[in-house]
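Visitor: Numbering (our numbering), first residue to last: 47 to 365.
I am attaching a structure below and will ask some questions about it afterwards.
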């Protein structure tokens, strides 16, 4: 939120209202029973589209209720993936699309599939069985949060605290403020993931493969967006989301833009596409880049929105 406030202030514009949302069925938002009603005869792509629609339409219903004609839409991880799905259906309501370490951008190449197969079959029998079991339970819809709920509150909270200490070491617990921040994060992470009934997490195996590739990759979808605004993509330096996917999107969008604006096409043949795609990398950060390096993250957001970051903050790094 600080980054958006800084950006609007630096442009001397009237500050806009900033909404920070948990997606339907996730975090502290309401938890409807998540059962996509798709006929058994439908193929995987249809199931994926139906699943995406649940989240897209819930966001659109919220936008209408808030009476927001156009917005800067930012989404992190799965939220980035679903922000693209929203922009596909409602491009007229998006001014600027910001994808923060989005899941599901690249397609799995044949080389990667062969390498994964080699890892599965070429390791010890125990490890091979373990990998296959993980794949199978993912297809069944079992998630880490579901397993955590079986641990009981005390053990689950302890697990979440230990996980966050290793995952986000940037939160210093040597000061009272740092300890309070970590305690609040642990409480939120436990409540949002294990303290409530499963809901949105049931979508994961409808949208993603066990190895976090999208069943309908964004790399093929973003260049086709009927959206004339800019796209900003952010990745952490140590992100497990590969920024090569963002760079591939940038290249495809640039080619599509050049093709659509060629002199040989008349106006009716030209299609709207993203006006620009910028890919940034945040130093000293992983997937949770807004927590790992909040100054670096805020600096990029302020710059992307046309503002000027404070001089003592890290300079945005374009890839």
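Glycine residues also receive a C-beta, built at the ideal position from the N, C-alpha and C atoms.
Just so it is clear, the structure is predicted and the values come from calculations on it, not from any experiment.
Helix, strand or coil for residue 218, going by three-state DSSP, please let me know.
Guide: Three-state result, residue 218: coil.
Visitor: Within 10 angstroms of its Cβ, does residue 64 collect 16 or more other Cβ (buried), or is it exposed?
Guide: Label assigned to residue 64: exposed.
Visitor: For residue 213, which of 358, 121, 332 has the nearest alpha-carbon?
Guide: Answer by Cα proximity: 332.
Visitor: By DSSP, does residue 362 sit in helix, in strand, or in coil?
Guide: Three-state result, residue 362: coil.
Visitor: If you reduce the DSSP assignment to three classes, tell me which class residue 227 lands in.
Guide: Residue 227: helix per DSSP, three-state reduction.
Visitor: Return the first residue and the last residue of the alpha helix (DSSP H) that residue 191 is part of.
Guide: Note, residue 191: alpha helix (DSSP H), 190-195.
Visitor: Would you report the Cα separation of residue 112 and residue 99, rounded to the nearest angstrom?
Guide: Spanning the two alpha carbons is a distance of roughly 20 Å.
Visitor: Tell me, which residues are paired with residue 326 by DSSP?
Guide: Per DSSP, 280, 364.
Visitor: Taking the alpha-carbon positions, what's the residue 344 to residue 230 distance?
Guide: The alpha-carbon atoms of residue 344 and residue 230 are separated by roughly 21 Å.
Visitor: Would you mind sorting residue 116 into buried or exposed? The rule is 16 or more other CB atoms within 10 Å of its CB.
Guide: Exposed, because fewer than 16 other Cβ atoms sit within 10 Å of the Cβ of residue 116.
Visitor: Thinking residue 119 and residue 133 are a contact (beta carbons under 8 Å), I'd like their distance in whole angstroms, please.
Guide: About 7 Å separates the two Cβ atoms, so the contact holds.
Visitor: Go to residue 175, then tell me how far its alpha helix (DSSP H) extends in each direction, as first and last residue.
Guide: It spans 171-186 - the alpha helix (DSSP H) in which residue 175 sits, taken as one unbroken run.
Visitor: Could you spell out the range, first to last residue, of the alpha helix (DSSP H) harbouring residue 336?
Guide: Where residue 336 is concerned, the enclosing alpha helix (DSSP H) stretches over 335-338.
Visitor: Under DSSP, the beta strand (DSSP E) around residue 140 begins and ends at which residues?
Guide: First-last of the beta strand (DSSP E) with residue 140: 140-146.
Visitor: So what does DSSP say about residue 65, is it helix, strand or coil?
Guide: Coil, per DSSP.
Visitor: Distance check for residue 203 and residue 321, CA to CA, integer angstroms please.
Guide: Their Cα atoms are separated by approximately 45 Å.
Visitor: Does the contact criterion of 3 or more C-beta pairs under 8 Å hold for the segment 257-264 versus the segment 136-156?
Guide: Verdict: yes, contact present.
Visitor: So, at 6 Å on beta carbons, what are the nonlocal neighbours of residue 194 in its own chain, with the 5 sequence-adjacent residues on each side left out?
Guide: Answer for residue 194: 202, 240, listed in chain order.
Visitor: When the Cβ atoms of the segment 333-341 are set against those of the segment 282-300, are three or more pairs found closer than 8 Å?
Guide: Yes, the segment 333-341 touches the segment 282-300.
Visitor: Take the Cβ of residue 156 as the centre, count every other Cβ of all protein chains shown within 10 Å, and call the residue buried at 16 or more, exposed below.
Guide: Exposed: under 16 other Cβ atoms inside 10 Å.
Visitor: Mind checking which residues open and close the alpha helix (DSSP H) that includes residue 210?
Guide: Segment 199-213, the alpha helix (DSSP H) holding residue 210.
Visitor: How would you label residue 109, buried or exposed, when you count the other beta carbons within 10 angstroms and need 16 or more for buried?
Guide: Result: buried.
Visitor: Nearest-angstrom Cα distance between residue 275 and residue 351?
Guide: Rounded to the nearest angstrom, the two C-alpha atoms are 12 Å apart.
Visitor: Specify the secondary structure class of residue 253 as computed by DSSP and reduced to three states.
Guide: Helix, per DSSP.
Visitor: Looking only at its own chain, which residues have a Cβ that is under 8 Å from the Cβ of residue 187, when we skip the five neighbours before and after it?
Guide: Cβ within range, chain order: 248, 250, 251.
Visitor: Which residues in the same chain as residue 185 place their Cβ atom closer than 8 Å to its Cβ, once the five residues preceding and following it in sequence are excluded?
Guide: Hits under 8 Å: 251, 256.
Visitor: State buried or exposed for residue 361, treating a residue as buried only when at least 16 other CB atoms are found within 10 Å of its CB.
Guide: By the 10 Å Cβ count, residue 361 comes out exposed.
Visitor: Using the C-alpha atoms, what's the distance from residue 160 back to residue 107?
Guide: Their Cα atoms are separated by approximately 43 Å.
Visitor: List the endpoints of the continuous beta strand (DSSP E) containing residue 5.
Guide: Because the chain is modelled from 47 through 365, residue 5 falls outside the range shown and cannot be assessed.
Visitor: Smallest Cα separation from residue 271: which of 136, 254, 95?
Guide: Nearest C-alpha to residue 271: 136.
Visitor: In angstroms with no decimal places, state the Cα-to-Cα distance between residue 348 and residue 273.
Guide: One C-alpha to the other measures close to 22 Å.
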